[in-house]
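Note that the protein sequences, when read in sequence, are chains A, B, C and D. Sequential numbering from 50 applies to the first sequence in the numbering used here. Sequential numbering from 50 applies to the second sequence in the numbering used here. Sequential numbering from 50 applies to the third sequence in the numbering used here. Sequential numbering from 50 applies to the fourth sequence in the numbering used here. We put the CB at the ideal spot given by N, CA and C, even for glycine. For reference, the structure discussed in these notes is given below.
4 protein chains.
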Amino acid sequence: MLSFESDYVEGAHEQILKRLMETNLEQLSGYGTDPYCESAKEKIKAACGCKDAEVEFLVGGTQTNQIVIDTMLAPYEGVIAATSGHVSVHEAGAIEFLGHKVLELPQKNGKLCVEDVRKFTETFYADGNHEHMVFPGMVYISHPTEFGTLYTKEELAQLSAVCKEFGMRLYLDGARLAFGLKATDTDVTLTDIAKYCDVFYIGGTKAGALCGEAVVFTGGCKPKHFITRVKQHGGLLAKGRLLGVQFDTLFTDDLYGKIGEHAISLAVRMKEMFLQKGYKLFIDSTTNQQFVILENKKMEELAKEVRFSFWEKYDDEHTVVRFATSFATTEEALEKLDSVL
Amino acid sequence: MLSFESDYVEGAHEQILKRLMETNLEQLSGYGTDPYCESAKEKIKAACGCKDAEVEFLVGGTQTNQIVIDTMLAPYEGVIAATSGHVSVHEAGAIEFLGHKVLELPQKNGKLCVEDVRKFTETFYADGNHEHMVFPGMVYISHPTEFGTLYTKEELAQLSAVCKEFGMRLYLDGARLAFGLKATDTDVTLTDIAKYCDVFYIGGTKAGALCGEAVVFTGGCKPKHFITRVKQHGGLLAKGRLLGVQFDTLFTDDLYGKIGEHAISLAVRMKEMFLQKGYKLFIDSTTNQQFVILENKKMEELAKEVRFSFWEKYDDEHTVVRFATSFATTEEALEKLDSVL
Amino acid sequence: MLSFESDYVEGAHEQILKRLMETNLEQLSGYGTDPYCESAKEKIKAACGCKDAEVEFLVGGTQTNQIVIDTMLAPYEGVIAATSGHVSVHEAGAIEFLGHKVLELPQKNGKLCVEDVRKFTETFYADGNHEHMVFPGMVYISHPTEFGTLYTKEELAQLSAVCKEFGMRLYLDGARLAFGLKATDTDVTLTDIAKYCDVFYIGGTKAGALCGEAVVFTGGCKPKHFITRVKQHGGLLAKGRLLGVQFDTLFTDDLYGKIGEHAISLAVRMKEMFLQKGYKLFIDSTTNQQFVILENKKMEELAKEVRFSFWEKYDDEHTVVRFATSFATTEEALEKLDSVL
Amino acid sequence: MLSFESDYVEGAHEQILKRLMETNLEQLSGYGTDPYCESAKEKIKAACGCKDAEVEFLVGGTQTNQIVIDTMLAPYEGVIAATSGHVSVHEAGAIEFLGHKVLELPQKNGKLCVEDVRKFTETFYADGNHEHMVFPGMVYISHPTEFGTLYTKEELAQLSAVCKEFGMRLYLDGARLAFGLKATDTDVTLTDIAKYCDVFYIGGTKAGALCGEAVVFTGGCKPKHFITRVKQHGGLLAKGRLLGVQFDTLFTDDLYGKIGEHAISLAVRMKEMFLQKGYKLFIDSTTNQQFVILENKKMEELAKEVRFSFWEKYDDEHTVVRFATSFATTEEALEKLDSVL
């Protein structure tokens with residue numbers, strides 16, 4: 050059955066599989082010390098316009114959030130996130146599991162407001178009892194957010210400023226960054242992200258890799274003995290080449306950008322299809338995830354023809370569902386979707 | 050340069066890459082709920098001769114040890130292991146990181162002695178203060194061990210008995226199980242392992258997979274909400290198919306067995322080569338890792354021609370080094386090695 | 050200077066010090082195995098009307114919350130609490146430090162609403178992705194709450210019912226229980242609490258002890274090897290007598306009840322004083338903590354004569370402050386307070 | 050029955066109880082911010098001859114070891130300790146519970162050898178795989194040791210030197226320091242300890258306090274936001290005065306020294322008694338704990354008259370037991386012991 054369930058329902062971009070085949074029998078050293086990892090790191094630093102950046106590869110998104118947050122925070126620090134942030138709700142408590150509170154602030158279109166962050170932090174330091182409370186040590190944002198929305202360059206600049214003012218680090222979860230960078234209305238580039246964030250990750254899994262996320266530390270903030278800590282978290286791959294070759298391919302001839310463009314162009318058409326057919330969108334997303342409010346009966350009918358994700362109950366008669374495009378979505382698939390809407 | 054550094058220096062067995070290619074564009078549900086995972090689990094249960102077993106896939110060895118031990122132990126329990134056990138020395142403290150003490154007992158040829166385990170446990174319960182101590186809750190063994198040695202069926206039976214007697218679980222780390230099962234002198238089968246162990250894992254990474262380990266729980270001992278806990282540990286892959294397709298391939302037409310046989314047959318020849326040329330072996334291994342005592346000068350010379358692993362200092366003039374064969378080792382490579390020894 | 054800052058500004062009730070003196074040179078076994086601990090446990094069980102209860106002593110409130118929650122929850126479970134709950138804000142993240150998320154729900158007069166708890170839990174189990182989320186395993190309430198308010202017997206019964214329905218435990222933090230039990234308008238007795246809660250603690254520190262809290266487990270729910278876990282958490286006192294003698298004294302001739310009555314009777318008068326002098330109360334508390342909204346200028350003046358606690362900013366010109374009575378508050382002190390209001 | 054079971058079988062020194070009574074109704078601020086804590090800290094710094102030291106009070110020994118080690122180590126670091134060290138065996142895994150491996154080295158008379166520490170650390174850094182291992186970050190010693198033995202000043206100096214060389218901190222567990230400082234043959238003073246150790250604690254519980262240990266950080270090594278971390282560990286007392294008053298008393302007119310002298314002088318006589326009556330000592334202790342090898346039958350007889358601690362099995366017919374003196378041991382008690390030996 051046709052599926053728009055997510056951007057991780059297919060395997061890998063063919064270029065990636067091709068390179069894995071070509072390099073398969075080369076004898077390479079393990080644990081990320083191979084030349085493909087090295088080359089991929091250099092290409093990512095170049096793409097970020099940030100020579101001083103340090104890049105490390107991890108396997109999946111929750112693992113990356115957990116390791117980045119745990120290794121960059123002091124034990125007495127927590128991380129500020131929107132109530133809808135992935136770390137707040139959909140990681141089975143992975144952040145708390147390693148000892149850190151997620152300090153949840155309201156989401157607005159899936160985003161944190163800089164005013165809320167500022168007010169929370171000011172109130173914290175103004176409280177005479179704050180030594181009995183969890184120190185805010187980091188601000189977590191996802192870009193695109195879990196609702197497919199995006200921060201503007203100005204918002205990133207302001208978040209960065211408030212972080213600097215209060216000694217917090219700014220961390221951007223880029224699980225779907227490929228799509229954020231190619232959204233029709235964004236003014237945020239990879240260089241901007243590297244400029245404003247202390248640390249961020251460039252998602253591979255949801256952008257055509259079999260697995261893998263590239264963490265980029267700027268300003269020399271990579272934690273000491275990071276590899277040892279990754280090992281201690283159970284996140285170090287023996288065959289690090291699996292990540293190196295994939296990211297080296299994604300950042301060769303801008304494949305990462307092309308994957309983003311492909312998914313976005315199809316998402317734009319999908320969005321138009323929904324609007325033309327009179328569907329109501331739950332939120333105005335310009336990225337590869339589209340959130341549609343379906344009448345429950347319609348939802349059941351559609352579910353017989355196409356797979357999508359349940360998002361949340363809207364009211365007693367409507368449900369919010371998600372349709373996503375990916376590196377592998379075809380025009381043909383879109384046309385089929387159109388025919389069943 | 051020719052490398053016998055480890056069994057993870059090459060990528061994946063060609064059958065695995067082929068299957069990844071063939072299935073690449075199938076749209077599959079995520080997080081291990083796809084049909085390839087399902088099929089692989091059934092094949093593994095059949096190979097273990099254990100219908101009631103429950104199988105789960107994880108990404109790497111340290112992650113697997115960490116998750117299995119952490120989820121199966123009560124918080125007040127530790128795990129008994131040999132001083133040379135992987136969990137004791139080479140996992141950056143991953144077991145302690147999640148709260149559990151590794152209760153180290155002496156190794157003999159890399160193995161735990163059942164008598165030592167019994168004595169330790171009896172002494173523990175006889176101690177009037179044992180409520181102020183760490184309860185032994187599990188026995189960890191690696192098979193093959195870190196020195197390439199193997200337990201006998203009788204030893205497994207005895208370890209199992211002492212575990213049952215004291216309410217401990219027996220856990221076998223099978224990172225290199227493929228080679229253990231095909232060693233020339235072993236009387237231990239996969240069925241035996243499933244019979245005697247409460248939990249064990251069948252290593253993929255070191256046996257021709259890009260990554261992946263298959264954990265087998267017997268006797269209904271899989272921890273409750275295991276998937277949630279894997280997620281919480283940062284170990285859940287979105288594209289679970291990557292593990293499912295690989296293990297489905299490894300357990301189709303006994304590819305896993307063939308990989309083991311291949312590496313073992315070459316290791317046997319390699320061992321003979323060392324002995325014929327008068328090299329002294331550090332330990333008598335019948336698996337794919339061979340430990341050779343080299344004069345330091347000879348070691349430096351050899352290092353110009355071939356890659357191997359430093360193992361440990363033997364004395365001021367000699368060093369123990371390791372040579373390993375893998376799924377991809379060729380006869381041609383062995384001949385080259387022979388020519389430089 | 051006169052202080053109404055808190056209920057822990059004085060040492061211990063004189064009866065407690067007297068008993069510590071009298072028993073001082075008796076040679077007693079350590080770690081809570083002495084006869085005073087035993088006797089205190091029996092008296093507490095009698096006072097709770099719950100023969101099957103199991104009682105254990107811990108040193109302080111945050112330690113108790115941390116140990117009870119950590120030892121009673123599975124690793125994949127979190128604890129539901131009001132946003133104003135002590136575990137949510139004023140324990141420096143002690144709950145998350147040991148791996149558990151505090152699932153925060155809105156407070157109403159400092160209390161959790163049973164409807165909110167039900168809705169949260171129903172939504173959780175209805176969510177198809179709940180295996181990727183933190184399971185609600187416990188409901189935490191404080192009685193009196195951090196705002197001095199109280200649950201009714203009916204509310205406890207309803208919370209208990211929803212907990213049973215969804216397999217959660219109900220935990221009552223009784224740091225100031227002495228005052229809750231003697232509030233002028235409460236219909237909740239110690240027997241009710243033992244009936245409806247799976248676990249609760251009877252606060253000593255804030256009710257006239259030097260330190261110490263008595264945890265009461267009902268229905269056989271005391272975690273296995275609890276003493277070992279307390280030791281592992283660093284909470285086991287060598288001289289357990291310090292807790293045993295204190296609680297034995299508090300539960301002899303109902304000293305605990307008398308301390309509660311004393312503080313409440315003075316708090317009632319203090320509240321009347323505030324109202325008579327035209328002060329506005331922030332919340333209607335019937336326990337030993339009174340929250341008063343002061344004009345900022347008035348607050349500064351008062352602060353020269355008497356100590357009280359800053360609670361929170363009310364608006365730009367007003368502040369909420371707290372005045373508390375204790376076992377040691379005197380009528381004379383109240384009169385002095387009256388004279389400076 | 051007469052008890053020599055331990056040094057914590059009685060309550061507190063009478064001077065301490067007296068001061069608790071005298072100060073009982075003073076209204077003091079909480080959480081260690083009262084003037085008695087302040088005064089006690091100053092007196093301890095003076096006693097250590099170390100103006101720059103920072104002193105903090107905690108409640109018990111295991112809690113202190115756990116908090117000191119956890120807050121001073123990086124997450125990737127473990128602590129070196131003797132196999133007989135309290136942290137290695139008798140704290141229910143409290144160190145591992147918070148994530149740190151105890152790197153156990155052989156004990157000699159209960160002590161760590163500086164040569165063993167040096168060799169272990171050199172081997173660690175020489176190992177090419179040490180990034181996959183637990184970094185040694187601290188050396189833990191107890192003084193007196195669990196066997197009542199003592200380090201010499203020269204040994205402390207050497208341990209300090211090897212720690213400095215390899216970037217490790219030296220931590221001395223002084224649970225029974227009162228007795229170590231007054232041993233007949235020691236050349237180690239409190240000033241020496243403050244000079245050579247980065248952190249140590251002066252035990253109160255076993256030296257006449259109801260509870261309480263004073264941690265002394267030298268060289269500015271107190272962890273940042275230490276109070277917040279103590280709170281997060283569940284170790285912060287609301288009525289901090291309980292610790293402040295006790296340590297203020299112990300360090301007034303050298304009560305701490307007098308308590309040590311008293312227990313030692315009686316222990317010396319007790320040791321002579323054992324030797325005169327032909328008992329064999331297990332180890333030559335010059336502190337307040339004496340370890341005697343008893344024939345099992347004799348042990349059973351003695352146990353009817355006097356309480357002592359089981360230590361360990363010596364052989365099938367003999368057992369090692371411990372007799373301890375305390376601040377409260379009387380000459381009369383010793384005479385009674387003499388009469389039953």
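Could you check what DSSP says for T170 of chain A in three-state terms: helix, strand or coil? Here T170 of chain A sits in helix by DSSP.
Does any C-beta atom of chain C lie closer than 9 Å to the C-beta of Y174 of chain B? In terms of beta-carbon proximity, Y174 of chain B stays away from the interface with chain C, with every pair separated by 9 Å or more.
Using the Cα positions of Y328 of chain D and M322 of chain D, report the straight-line distance between them to the nearest angstrom. Rounded to whole angstroms, Y328 of chain D to M322 of chain D spans 9 Å at the Cα level.
Since I believe L205 of chain A is in contact with D165 of chain A (beta carbons under 8 Å), could you give me their beta-carbon distance rounded to a whole number of angstroms? Contact doesn't hold; Cβ gap of about 15 Å is too wide.
Residues sharing a beta bridge with P193 of chain D, DSSP: Answer by DSSP bridge pairing: none, since P193 of chain D is not bridged.
My assumption, with CB atoms under 8 Å, is that G284 of chain B sits in contact with Q64 of chain B. Please give the rounded CB distance. With a Cβ gap of about 26 Å, G284 of chain B and Q64 of chain B do not count as contacting.
Beta-carbon of S58 of chain B versus every beta-carbon of chain D: anything under 9 Å? One point to set straight first is that residue 58 of chain B is Val, not Ser, in the sequence displayed. With its beta carbon at least 9 Å from every one in chain D, V58 of chain B lies outside the interface.
At a Cβ threshold of 9 Å, is G142 of chain B touching chain D? Closer than 9 Å: yes.
So, for Q339 of chain D: in the same chain, excluding its five sequence neighbours on each side, which residues have a beta-carbon less than 8 Å away from its beta-carbon? Around Q339 of chain D: G197, A316, M319, K320, F323, L330, R371, F372 and A373.
Residues of chain D with CB under 7 Å from R278 of chain A, in chain order? Within chain D, the residues whose beta carbon sits less than 7 Å from that of R278 of chain A are P124 and Y125, listed in sequence order.
Inter-residue spacing [alpha-carbon to alpha-carbon] between N158 of chain D and I332 of chain D: Taking the straight line joining both Cα atoms gives about 7 Å.
Along the chain, where does the alpha helix (DSSP H) containing S137 of chain D start, and where does it finish? H135 to V138 is the span of the alpha helix (DSSP H), which, as asked, contains S137 of chain D.
Closer than 9 Å to chain F by CB, Q281 of chain A: Looking for chain F here will not work: the only protein chains present are A, B, C and D.
Taking the beta strand (DSSP E) that E153 of chain A falls in, what are its first and last residues? Segment V151 to L154, the beta strand (DSSP E) holding E153 of chain A.
Give me whichever residues DSSP pairs with G223 of chain B in a beta bridge. Answer by DSSP bridge pairing, in chain order: B:I251.
Cβ closer than 9 Å: which chain D residues qualify as neighbours of E397 of chain A? With chain A covering 50 to 390 only, the question about residue 397 of chain A has no answer from this structure.
Using 9 Å as the threshold, is the C-beta distance between G268 of chain B and D119 of chain B below it? No.
Counting contacts by CB-CB distance shorter than 9 Å, is D83 of chain C in contact with chain B? Using beta-carbon distances, D83 of chain C does not count as an interface residue toward chain B, since no partner is under 9 Å.
C97 of chain C, buried or exposed, once every other Cβ within 10 Å from all chains shown has been counted against 16: Label assigned to C97 of chain C: buried.
What are the residues that DSSP puts in a beta bridge with F372 of chain A? Residue pairing by DSSP puts F372 of chain A in a beta bridge opposite A:Q339.
Can you name the start and end residues of the alpha helix (DSSP H) that Q85 of chain D belongs to? The sequence shown places Tyr at residue 85 of chain D, not Gln. Segment P84 to A96, the alpha helix (DSSP H) holding Y85 of chain D.
Let's test the definition: count the other Cβ atoms within 10 Å of the Cβ of C270 of chain C and tell me whether it reaches 16, buried, or not, exposed. Result: exposed.
Could you compute how far the alpha carbon of P185 of chain A sits from the alpha carbon of D247 of chain C? Between P185 of chain A and D247 of chain C, the C-alpha separation is close to 34 Å.
Contact set for G127 of chain A: own chain, Cβ-Cβ below 6 Å, skip 5 residues either direction: Within its own chain, the residues whose Cβ lies closer than 6 Å to the Cβ of G127 of chain A, once the five positions on either side in sequence are excluded, are H149, K150, L152 and V183, listed in chain order.
Residues from the region 149-170 of chain D in contact with chain B, defined by Cβ distance under 8 Å: Going along the region 149-170 of chain D in chain order, one finds H149, K150, V151 and E153 with a Cβ nearer than 8 Å to chain B.
Could you give the C-beta distance for G289 of chain A and C86 of chain A, rounded to a whole number, given that I count them as a contact under 8 Å? Rounded, the Cβ-Cβ distance is 6 Å, consistent with contact.
Considering only the beta carbon of each residue, do H192 of chain A and L221 of chain A sit closer than 9 Å? Yes, Cβ-Cβ distance for H192 of chain A and L221 of chain A is below 9 Å.
Nearest-angstrom Cα distance between L122 of chain C and V163 of chain C? Note on geometry: alpha-carbon atoms of L122 of chain C and V163 of chain C lie some 20 Å from one another.
So is E103 of chain B in contact with chain D if we call contact Cβ pairs under 9 Å? False, the Cβ-Cβ gap to chain D never drops below 9 Å.
Is any beta-carbon of chain C found at less than 9 Å from that of N73 of chain D? Yes, because at least one Cβ of chain C sits closer than 9 Å to the Cβ of N73 of chain D.
Identify which residue in D:V138, D:F266, D:L208 and D:G229 has its Cα closest to the Cα of K168 of chain D. Cα-wise, what sits closest to K168 of chain D is D:L208.
Where does the unbroken alpha helix (DSSP H) through E381 of chain C begin, and where does it stop? Taken as a continuous stretch (DSSP letters only), the alpha helix (DSSP H) holding E381 of chain C covers E380 to V389.
Helix, strand or coil for K157 of chain A, going by three-state DSSP, please let me know. Strand.
Would you mind stating whether G79 of chain C and Y57 of chain D have Cβ atoms separated by less than 9 Å? Taking 9 Å as the Cβ cut-off, G79 of chain C and Y57 of chain D qualify as a contacting pair.
Are there three or more Cβ pairs, one per stretch, closer than 8 Å when the region 271-278 of chain B is compared with the region 126-140 of chain B? The region 271-278 of chain B vs the region 126-140 of chain B: no contact.
Rounded straight-line distance, which links the Cα of E54 of chain A to that of D297 of chain B: Taking the straight line from one Cα to the other gives about 24 Å.
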